[in-house]
Structures are given as structure tokens and as C-alpha cells.
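Participant: Numbering (our numbering), first residue to last: 37 to 150.
As C-alpha cells, then:
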């Protein structure tokens, strides 16, 4: 059974940084995609970033140049480094694993406010 658990959220001032972590347990095989999504209050969940097992990355326009997705495959961890945070980045951030079954974590709250 694959489980996905996010951590690292919190309250940060505009312009600040946070690093989210996603711990993946269970056997996900060698062919997988990792992704981060977010959901702001009153809005639909939106895609933020993707990382494939071959190392390819892709980012939403809203976060490109500020966020970086990475992984430690040996530890089965996925990270989202978020820099220059803005109030509009406030959301619950979710980690997703596809292999090709889709697994979601429970989310971690990120609040950007002064």
C-alpha cells in the first residue's frame, strides 16, 4: 500500500521561503511521476509542478522561477522549495504520486501573510 504524507507548511511573510516535504512509503516501482498541487480557499485544486522519474520538471506559470521540485529517490522523498512567496500562494499544498495509480497526501497548509 502506497502512502503519501506532506509536511513543512506554515505561516511565512511575503518574500519569504518554505520547503515542503513529501514522504512516500510503499512500492511505487521505477516508472512514476511526482507532482505538487494546491487548493486555495474557495478555488479548485490546481497543478503546481511535476517531476518524472527521468528527472524532467515542469511548472505552472504562476510559480515558475520561484518554486523548485526535487526528489531524493533513495529516501523516497519529494520536495517543493518555494521562494519569494506571495499572498496568492496561500493554499493547502498536496503531493501526488502516479505510477500509474494516483495517490494523494492529506495536504499541508501554507499561509503567506504579513
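C-beta: ideal position from N, C-alpha, C; glycine also.
From a predicted model like this one, the values you see are computed outputs, not experimental measurements.
Which one or two residues does DSSP pair with residue 108 in a beta bridge?
Facilitator: 113
Participant: Who pairs with residue 130 in a beta bridge, going by DSSP?
Facilitator: Residue 130 pairs with 73.
Participant: Give me, in chain order, the residues of the same chain whose beta-carbon lies closer than 7 angstroms to that of residue 119; leave out the 5 immediate sequence neighbours on both sides.
Facilitator: 53 and 102
Participant: Could you please give me the residues that DSSP links to residue 55 through a beta bridge?
Facilitator: 117
Participant: Look at the alpha carbon of residue 95 and the alpha carbon of residue 131, and state the distance between them as a whole number of angstroms.
Facilitator: 14 angstroms
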